[in-house]
Structure formats: structure tokens, C-alpha cells
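See structure below.
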Amino acid sequence: MKARVHVYLKPGVLDPQGQAVSNSLNHLGFNEVAGVRQGKLIEIDLNTADAEEAQQRVAEMCDKLLANPVIENYDIELSA
Amino acid sequence: MKARVHVYLKPGVLDPQGQAVSNSLNHLGFNEVAGVRQGKLIEIDLNTADAEEAQQRVAEMCDKLLANPVIENYDIELSA
Amino acid sequence: MSEAVNPRYAEGITEEIALDHVTADEYEIILKELGRAPNLVELGIFSVMWSEHCSYKSSRLHLSKFPTKGEKVIYGPGENAGVIDIGDGQAAIFKMESHNHPSYIEPYQGAATGVGGILRDVFTMGARPVALMNALRFGDPKHPKTRQLVAGVTAGIGGYGNCVGVPTVGGETNFDKGYNGNILVNAMAVGLADTDKIFTAAAREPDFPVLYVGAKTGRDGIHGATMASAEFGEGSEENRPTVQVGDPFTEKKLIEACLELMSEDAISSIQDMGAAGLTSSSVEMASSGGLGIELDLDHVPQREENMTAYEMMLSESQERMLIIIKPGREHVAERIFRKWDLDVATIGKTAPHGRLVLRHKGEVVCDLPLDPIGENAPKYDRPWFPAEARGSIDPADLHQPEHLGEVLASLMGSPDMASKRWIWRQYDRHVMADTAASSEDPADAAIVRVHGTNKALAITTDCTPRYCFADPFEGGKQAVAEAWRNLTAVGADPIAITDCLNFGNPERPEIMGQFVGCVEGMAEACKALDFPVVSGNVSLYNETDGVAIPPTPAVGAVGLIPDMSQRMGYGGLKDGQVLLLVGETRGELGASLYLREIEGQEKGASPRVDLAVEKRNGDFVRSAIRAGKVSAVHDLSDGGLACAAADMAMAAGVGVKLAYTGALPVFAWMFGEDQGRYLIAADATDAEALRADAKAADVPMDVVGLAGGRFISINGGHAVDLIRLKQAHEGFMPALMDGEPEARVAE
Amino acid sequence: MKTAVIVFPGSNCDRDAAMALEAVTGQKPAMVWHEETELPEGLDFIMVPGGFSYGDYLRSGAVAARSPIVNDLKKKAEAGVPMLGVCNGFQILTEAGLLDGTLMRNASLHFVCEKAPLLVETANTRFTKGYADRKEILIPVAHHDGNYFADEATLDRIEGEGQVVFRYANNPNGSARDIAGVTNAAGNVLGMMPHPERAVDADHGGTDGLALFESVLGKLS
Ligand SMILES: Nc1ncnc2c1ncn2[C@@H]1O[C@H](COP(=O)(O)OP(=O)(O)O)[C@@H](O)[C@H]1O
Ligand SMILES: [Mg+2]
């Protein structure tokens, strides 16, 4: 299976990267851009067939390593 | 509208970050992890109502700034 | 404001809410001072202004014991940073500060924002920051959290300092189980300014506009996490990050913009927003100028929606400053801050009335007299008792090691002694093109050239918590003396110090006793060495489950090298030279590294510092350096003579044959930590003249070794190969840090 | 000698660059703000300095490479004006398409600051002719994203054309084929991660970088 993990900053946490990207897009003429938040995309190849187990294990990976619970949240998408 | 852009490394491009995450996960006992690729998640708030236009403009943003064509590909998801 | 007849609590405030902000006694004082109950915004303001961090309520009484004046002191404690005269119309401006708790919670951001904060203290005064230092204490290397914390703190310090482009030139790192639950992250910044362009915070005139510049205000790090969410803005609870995120890019722009504005005739006074951001900066500016201040919070640049007055006043968002501008010059500030893509807004004015008046959405939400908040904040004389004196250690009672070379190797590879390359390799030490010596170089202090001149600043941080724990008074003296010695060893004239006093809970008399002992010891050393304290910071309550950290009064010191060509290091040892030991050796092993690492014991009295001897020996060494008679100098500290000799030998790639024929057991002579000592290297032909000079100065000095070969040996035996020493020395940190999972996914 | 240093928000080696240029030419370079649309006329040499332009956010050099001044920089490159991008400057030049490849996160994932031994791969460039008698030089590196990457075909091509100018003797960042510095096909644009401008002074970083500036500025003795 494959897992696609999105790790993103909690609301309210300053995102200097997103802000810089947003400003830059405005400067380049993309005036419709009202705001940008930047996060991480982590794609994991898993030797697991069981989706339920995979979901639970990947959540554990997030809690232990992939996300920083003080400032980040995450979500997980699985595919075959 | 909101756009969710995934920027990920092209196949064949070395990914030291993904490699390190993969090793770390193995060390932590997640032996089912066969490989990890790390990319970026960029969430954009758009003052646009037209999905077609949004799709095209965000693609332009990717080509002009958000992705580096030498090493990266991207995909775009739109939502209201 | 409600005019009810002195109710105990204002509308919406309960006893619980009040006591969440201040103690019961403090609440009574507020009622008395105001003649009415404070509202929530006011209560929040009292709570942060009367916090230990802002009011120094437990420490102020004792801090007044420090000598703070001197011929070279331009501004001592009380300003954002200390300012000393370095001649030719220039000043060095420096301060050290702790970011302990945030770094334990979130090591990367905690350490990063610590660096950002200390930089602001320095450039607020008109200085261009030119150097950063860091003093770090972590728990037991084997403790499961230690690795993560080391990795995160190092990355955070580097991430911020490297990006703003100020070199991180040195520091110190200790490991001790006493820091398992409370690491210490102390950062120091040093800047340079012209003496006629130094800026201070005190407001000067009423009716001057107050400008807010820098980053927008968010709900970062707002105090009172235990409070019910009703007190915060609608739905804001989950949008209230407990840790602040730093943005070094904004800080870099802020430095450039502030320095640019400072070069124009526009600023009346200026203050960074540190802890308790808008509150402490506005209160301090107004009250130190004997004025008042009025702010309209609607004009504060805001990152989040629906922020309340309480949130804005207590936010600890980073990279913000408050400027009182000369009337009519606002446009100059606007032009400059716009150019740098930073927020700038006029948010109020100074006033003659001695009050803090805040308006939000057309209403007065706070109207407080400033004196009780600032000047008259509570000050406690907390009960304390001195630490119990420990007996001295007789080396004859200790077990005699078999192979002294092997003992030396294990000391050189022990956690405190081992090379910290793994850490400092992640710091840009060279940016700004003036670093003459940094962590990588064999020198007892970092050396940073004064830009465009032939002079240099020497900078060091020092503290030996083992000693402070064994004997707070002697330990406090020793921290100052070692800093003075390190500056001397590179050929500098020591000028002044800053400090960061890290202790446990001051409400416990034994902890307060450690604090008082250390402060009094430091003060005595500062007086004897003419080495005043010009700035500093106190961090208390570093304890978890009743276990306090070892007392850690970190000292950051600055000296001046008048002529760069006369700077000294310990790498200049040459084949055939002699090693001379300056100072007396009694083989003091109490609280030593040897005792801890080799015998596994932490006992005994700490070594005594004789300040008159310290001064005499140091002055002699400095004059020998300036006379050009020595090629290498190293102070003796952890691990004593043998470890210092090993440092010199490894740096030069040449061995040393040590020889000792005195009455002490050889291991006590080699590893004793007697104070006030230096090793110097000189040509054999110059040794006689040096000895004559030493004799004339009444300084004990003996030849203790000869350089040559590729081993360190003692009395012809116990040889240990330099390669083996180097492996031991370089091996510890990589073994600790490499090959295992990193803390978190790296940014 | 007319020289210029481009300054972006977040540049932090601009002062170092200016000092090095002044030391070699005796004249202060023009400091050109990124929002300008044109560089001064008649420049003999342009430097894109190191630092963290735009905080290195998104990708190092990515935002700076879209600055107004970069259009004119590209024109000058085409016209053959010699230019040097150091560290963040190298990253900006690759992002601007003036040099091949890209610079990724160091293989160790850590920032690395050390004095790096470099092999001068060819003394047959306008930047390196002063190194004709030397093979190895010591130049400081200080970066987080210095891991040079290009596909194999590109690597073969730039090696074949003699565009690889410096290699690491002791690769600190994982760069493909130990590459530390490359030029464009025309040979007038050089990008490198190590900082030669931090090695022009015996009191700071040594003097091994001096010959590079002397070479390109025609000051070889
Ligand atoms: N956290 C750190 N950051 C930067 N440099 C460090 C750090 N820890 C140790 N160092 C460097 O390692 C060297 C040895 O440190 P230390 O043993 O404390 O020196 P000393 O005992 O001579 O004062 C010094 O150059 C010091 O600057
Ligand atoms: Mg020392």
C-alpha cells in the first residue's frame, strides 16, 4: 500500500514560509492569491495489505516522528 | 476557492530527506516502511470563483514559482 | 470603567481567574493601589509585569550586590543590553538571555526564538550584531530525550543565527542528569555601535507618536493557558499556539530597517517587544521616562481575526519593536519599513499623565497608573539558607589509576570535555568576514575583529555547575574568574560581563541559598577583577517534580584585544619548546571532572579561587603575550593540567612529555583543578627570561613538559598516542547523535 | 574596474562580497537593490552574494530568482559580463536558469560550516587562471542546501565541456560527482557553494580565495 501524509501547521501558528510564498505570488501578478500555508507531503511505501492496520500504523508514525504535535496536525490518505 | 498543490520530486531524483525519514521509521520499528519520499504541500486561498480559471492560474503559479522543473512535478486539487 | 463601590472582583472576573494571574497577596496590593478591582485586561497586565521574568521579584534584592560601574561602562543593567567603551568612539553592546522552558517544549523553535530575542536586545540600542554565543546544558546523554533536545536546539540556534547572518562564534555545552527535565539554553549576542549613536528605551517627551514596526501580532505564547476559553476571543482557544515560531528572515529585515532608521534623525526612543510583548515594552518605555502612554489597539497590525485587547497585550509574537518617533518624522519610518516589506503603524502617543491607557473598538479597556505596575512591583526577600560546606578531598584516599594515559583519554572523551564539533559545525561562524577565532580554533575565547580596524573583541561564556553545586559562593567566583582567565589567555583586556542566572524554585530556601551564594561569589570576583556586570537575566523555577537543576550562573564576558597581531591561542606549540605552568598546584580534586568521570563520585569541596592570585597570574600572562615571548597559552579548567596539555598537543599535532617530581600523587598533579593557572609554550631559549619575569612578578612558574613526538607521556611512561586522544575527543558527540532516528522530520 | 553586488532581502554576505571586491580592485562595488530593473552600465564583474534571500523559503534562491533585477542580470549574462554566484548566489543562478542543475538539502540534512579543501579542476577559465600552479585550495563552506544535483546526461555534458571548475576533496554535502562549482557553457557565469570572499584575508579564513578574484578582475601579478 501507499500512504500519503499531509503535515500542516495548526491554525494560528505563524507560517513565515507560506507568507513569503504568498507575497511572492502577489508580486508575480497573481493578485487573486489571498494567503498561502505551506506544509509537508510525505509519501510512504508500505509492505502492508491491510488498510485498517496501515491507517493505524501510519498514525503512529505521525505521532512518533512525522509531525510535531506542538505545532502541527496531519491527515492520512491510503491507496493500493 | 482553495487550491491544494502537491509538489513532489521526480522519480530518479535523490531525496535525502525522504531517505532519512525512511531510515528513522525503520529504526523506530516500523519495518513495513519500504520507502519514503518527501515533498511539499502548498495550500492557497484564492479570490476566484471559477474553477477552470483557478486550475489554469494555479498551474501557472507552479510553473513560474512553486515547482522547480529540473527536479519536481506537481498536482493540483481544487475545492470550494 | 465600572464605577461600582469597590467590589472585590470586576465584572466577569472570579477569584479563580484572579488567582490564575497573581497571588492572593498580590491581588490585595492591586486592589489597594487602584482603589477598585482590575478588569481582565488589567489583570493580565499585572500578571505579566509582576511575573518573575519581568519584575525580578525574587532576585532584585540580591542583584543589587553586583558592581555595575566602571571606567569603561557606558550603560549598565537597566537598559536592553550593557554598553562598554572600546575606544575610538565605539562601543560594544551585549547581553545574555535564557530560553530554557520553551526549548524543552519545542527545542527548534524555542532555541531559535531565544536567538532572535537576544539579537533584538542588542540592535534595539543601535548596535549592529556581530557575534552570537550559546551556553547549553542538557541531561544525561543516556536519557531518552537528550538526543532529540540536542538535535533540535542545535538546529534551532543555527537555523536562526545562520539566516540572520550573524556568526555564532562559540559557546559551551554540558551534560548532567540534573538537567534531564530542564535543559538550559542561554544565548548571548554582541554588537557594535558608535558611542554617539546609542539608543535607549525611556520615553522623553509627551505627545510623541508611538510606532509599531515589524511582524504582525498573533496569538502566540499567550500566558494563562489554564484559563477558561471564555476569556479569550470567540473560538480562539485552538488558535492559540503555546510556542512562538521565529522568522529569522523578518528579523534580518528588521535589523536592516532599524539600523537604517537609526541613521536618520527620527527616533526618540526604541524598545524591542520581548516577553509580554506590547505590555512590557510600552510600560517600560513610559515609566522609565516618567511619562504615560496611550495606545489604540485597533491600529495594531494583526495576523489573526477577532483578537481581543487581552490577547494583543499579552501576545509574544516575535520580531516586533516599539518606537517613539520625533513628531513629523513618521514618514521616514514608513518609507524605510515599507521598503523592507515590514508592517509599520502609529498606534498611540506618549502622555504626561503617568498612566497606561488602552483603547479598543472605541472603549477604554485599561487605565492603570504605571508606578505600581513597574517601579513598585513586589520585591521579595525570600528566606534562604546556605549550602552545607563539603570537606576537601585527599588524593591519598583515592584509588591510584594504573595507566595515566588511558585516564587522560577517557577524560578527553567524556561528555563535558569532548569536542562539540557536531554542534558548532552547524553554525555559520564566518559570515561578516571578521571572525579571527571561533569554536573550531584553538583559543580560549572567540575573537571577532572590530570591523575596519585592527582591534578585536574577545568573547567567552563560562560556568562550572559542579562547583556551584558543591559551593555556590566559590562556584560563583569561579565562573567569573574562568571567564576573565579565558579572555586573558587570548591576550585580551577583560572589560565586563553579562550573566544568565539559572536556578530552581526560589521559594525553597536551599535553592534561594544557592542563588544568593552564587550572586555574592560572582560579585566578589567582579569587584576584585574590576570586571563589572553590565547586563544579565534570571531564570528561576528550573525544576521538575521537586528536582532542581544544578545552580548554573552562566557568565558571558567581553574583552578587547588592542592589536590583532598580538592575539594568542593555544595551537602554537612547536617541537622542542617547553611547556611552563603558571600558578600553584595543590592537586584539588573536589568536585572535579576526574572524580566524576573516573571515580564516579560527585563530592568534595570545589576548588578555591584566590582572586588576588588570579589577577596577579593573569596580568603576568597577558604581559608575557604582549611582550611576544610565548607562542601558545591555554587556561587550565576541567581536567586540569593534563587535559590542557592534551588540547595544546592535539591542536599543534605535536606530543608532550610531562615531568613531575613533587610530593603530590602524580594523578592529582595531572588532573587537579586548582584555579588561577595557565600553560604557556615558549622556546627553551626564552624560558629563563620568562622565569625571571615571573619571579619578579611573584608568580609561581615551572617547566612541566617538553614538546616533541606524537605521544603524551608522564615521567617517561603512561604514553598515549595523539591519534587515540583525538579519536576519544572527537568520538563522543557523533556516537551520541549519529546513526539513530532524528527527533522529527527536519524542516 | 566597475563591479556590482546584488542585494536581496535576506542577503547576508553582501558586505563580505563588497569587502573582497574592494580589497582586490581598490574601488567600492555598486550595491544594487533587487527591486531595481537595471544594473549600472559598463560593469566588469557582478557578484550575487550568499545569504538567505527570502529566508530560503519554498526553495533556496527560488523567490530571489524572480526579482525584477534578475531580468537584467540575464541580459548581462548573455552579453558575456563575468558574474559569480556564491552559495545562495549559486542557488539563485540555478533557479534563474543561468546555470545547470540545482542545489538540494545536504545529504546529512544538517547545515555545514567548515573550511573545505577544493580541487581546482581546471585553471583554464577566466576565474581560475590564477590557480595554475595549485591543485588544492582551502575555502570555507557554510550552507544547508549545497547538494548539487543534475541528471546524468547533464552531468556528463558539463564535465565534457569543462564546466566543472571546483570539486570537493572531501564532499561535505552529497553533491553529485563532488561538484562544488560550475560555469555556464559560455564560461562567463560561475556558481559555487564555497565562499571565496571569506578567504581573502590572512586574519580571517586564509587567502586561498584571492586568486579567483584576481583572475576574473584581471589583477594577477
Ligand atoms: N554550544 C556550543 N556552541 C558553539 N561552540 C561551542 C559550544 N560548545 C562548545 N563549543 C566550543 O568548543 C570549544 C571548547 O569548549 P569548552 O570546553 O567549553 O572550552 P573552555 O573549557 O576552554 O572554556 C570552544 O571553542 C567552544 O566555543
Ligand atoms: Mg578555557
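Protein chains in written order, with the numbering used here: chain A, -2 to 77; chain B, -2 to 77; chain C, 3 to 749; chain D, 774 to 994. Ideal Cβ positions, reconstructed from N, Cα and C, are used throughout, including at glycine. Every value quoted in this text rests on a predicted model; they were computed, and no experiment measured them.
What are the partner residues of residue i, as DSSP defines its beta bridges?
{"i": "Ile910 of chain D", "result": "D:Leu891"}
{"i": "Cys368 of chain C", "result": "C:Leu360"}
{"i": "Leu708 of chain C", "result": "C:Val580 and C:Lys659"}
{"i": "Gly858 of chain D", "result": "D:Val821 and D:Gly964"}
{"i": "His3 of chain B", "result": "B:Leu38 and B:Asp72"}
{"i": "Asn28 of chain A", "result": "According to DSSP, which records beta bridges pairwise, Asn28 of chain A is partnered with nothing at all."}
{"i": "Ser715 of chain C", "result": "C:Lys659"}
{"i": "Trp806 of chain D", "result": "D:Val780"}
{"i": "Ser537 of chain C", "result": "C:Thr500"}
{"i": "Ile86 of chain C", "result": "C:Val75 and C:Ala94"}
{"i": "Gln304 of chain C", "result": "C:Thr219"}
Go through its chain and collect everything with a Cβ distance to residue i's Cβ below 7 Å, but skip five positions before and after it.
{"i": "Leu63 of chain A", "result": "Val2, Val4, Ile39 and Tyr71"}
{"i": "Ala949 of chain D", "result": "Tyr921, Phe922, Ala923 and Leu928"}
{"i": "Ala227 of chain C", "result": "The predicted position of Ala227 of chain C is uncertain, since its pLDDT is 35 and thus under 50; a value taken from the coordinates is nonetheless stated next. The answer, listed in chain order, is Thr244."}
{"i": "Glu50 of chain A", "result": "none"}
{"i": "Val18 of chain A", "result": "Val33 and Gln35"}
Sorted by chain position, which residues of the same chain lie with C-beta nearer than 6 Å to residue i's C-beta, five sequence neighbours on each side aside?
{"i": "Met323 of chain C", "result": "Val215, Gly216 and Asp274"}
{"i": "Ile375 of chain C", "result": "Met51 and Val285"}
{"i": "Gly128 of chain C", "result": "Ala195, Lys199, Ile200, Phe201 and Met264"}
What do you reckon, are the CB atoms on residue i and residue j nearer than 8 Å?
{"i": "Val668 of chain C", "j": "Tyr662 of chain C", "result": "yes"}
{"i": "Gly710 of chain C", "j": "Gly578 of chain C", "result": "yes"}
{"i": "Pro371 of chain C", "j": "Ser60 of chain C", "result": "no"}
{"i": "His55 of chain C", "j": "Val518 of chain C", "result": "no"}
{"i": "Leu985 of chain D", "j": "Pro969 of chain D", "result": "yes"}
{"i": "Lys67 of chain C", "j": "Gly78 of chain C", "result": "no"}
{"i": "Lys328 of chain C", "j": "Ala379 of chain C", "result": "no"}
{"i": "Ala646 of chain C", "j": "Leu681 of chain C", "result": "yes"}
{"i": "Arg598 of chain C", "j": "Arg468 of chain C", "result": "yes"}
{"i": "Pro496 of chain C", "j": "Ala559 of chain C", "result": "yes"}
{"i": "Val103 of chain A", "j": "Ala0 of chain A", "result": "Outside the displayed range of chain A (-2 to 77) lies residue 103 of chain A, so it cannot be described from this structure."}
{"i": "Leu575 of chain C", "j": "Ala648 of chain C", "result": "no"}
{"i": "Ala915 of chain D", "j": "Val433 of chain C", "result": "yes"}
{"i": "Asp640 of chain C", "j": "Asp418 of chain C", "result": "yes"}
{"i": "Leu406 of chain C", "j": "His720 of chain C", "result": "yes"}
{"i": "Met792 of chain D", "j": "Phe863 of chain D", "result": "no"}
{"i": "Gly248 of chain C", "j": "Thr115 of chain C", "result": "yes"}
Would you verify that the beta carbon of residue i is, or is not, closer than 8 Å to some beta carbon of chain G?
{"i": "Val18 of chain A", "result": "Checking the listed chains, one finds no chain G in this structure; the protein chains it contains are A, B, C and D."}
Which chain C residues sit within Cβ distance under 7 Å of residue i?
{"i": "Asp929 of chain D", "result": "Those within 7 Å of Asp929 of chain D in chain C number zero; the least Cβ separation is about 31 Å."}
Near residue i, which residues of its chain fall below 8 Å by C-beta distance, leaving aside the five closest residues on each side in sequence?
{"i": "Ala689 of chain C", "result": "Val580, Leu582 and Val705"}
{"i": "Gln304 of chain C", "result": "Lys218, Thr219, Gly220 and Met314"}
Run down chain A in chain order and give the residues with a C-beta less than 9 Å from the C-beta of residue i.
{"i": "Ile107 of chain C", "result": "Val67"}
Going along chain B, which residues have a C-beta under 8 Å from residue i?
{"i": "Tyr5 of chain A", "result": "Leu38 and Glu40"}
What does residue i touch in chain D if you count any residue whose Cβ is under 8 Å from its own?
{"i": "Pro8 of chain A", "result": "The premise fails here: Pro8 of chain A is roughly 20 Å from chain D at the closest Cβ pair, so nothing lies under 8 Å."}
In chain A, which residues lie less than 7 Å from residue i when you measure between Cβ atoms?
{"i": "Leu872 of chain D", "result": "Here the premise fails: no neighbours, minimum Cβ distance about 21 Å."}
{"i": "Asn44 of chain B", "result": "Glu29 and Ala31"}
Residue i touches chain B at which residues, Cβ-Cβ below 9 Å?
{"i": "Leu22 of chain A", "result": "Ile41, Met58, Lys61, Leu62 and Leu63"}
Which residues in chain A have a C-beta closer than 8 Å to the C-beta of residue i? List them in chain order.
{"i": "Phe251 of chain C", "result": "Pro13 and Ala17"}
{"i": "Thr244 of chain C", "result": "Val67"}
Give the residues of chain D in contact with residue i, contact being defined as C-beta atoms less than 7 Å apart.
{"i": "Asn82 of chain C", "result": "Under the 7 Å cutoff, chain D gives no residues; its nearest Cβ is about 23 Å from Asn82 of chain C."}
Taking C-beta pairs closer than 7 Å, name the residues in chain B that residue i reaches, listed in chain order.
{"i": "Ala850 of chain D", "result": "None at all; the shortest Cβ gap to chain B is about 18 Å."}
key: Residues in the region 50 to 67 of chain B having any Cβ partner in chain D nearer than 8 Å   = Lys61, Leu62, Leu63, Asn65 and Val67
key: Interface residues of the region 959 to 974 of chain D facing chain A [CB-CB below 8 Å]   = none
ask   = What residues in the region 133 to 147 of chain C have a beta carbon less than 7 Å from any beta carbon of chain A?
value = none
Chain-ordered residues of the region 428 to 439 of chain C with a beta carbon less than 7 Å from chain D = Gln428, Tyr429, Asp430, Arg431, His432, Val433, Met434, Ala435, Asp436, Thr437 and Ala438
query = In chain order, what residues of the region 25 to 36 of chain A put their CB closer than 8 Å to some CB of chain D?
reply = Leu25 and Gln35
query = At a Cβ cut of 9 Å, what residues of the region 877 to 899 of chain D count as close to chain B, listed as they run along the chain?
reply = Here the close residues are Met877, Arg878, Asn879, Ala880, Ser881 and Leu882.
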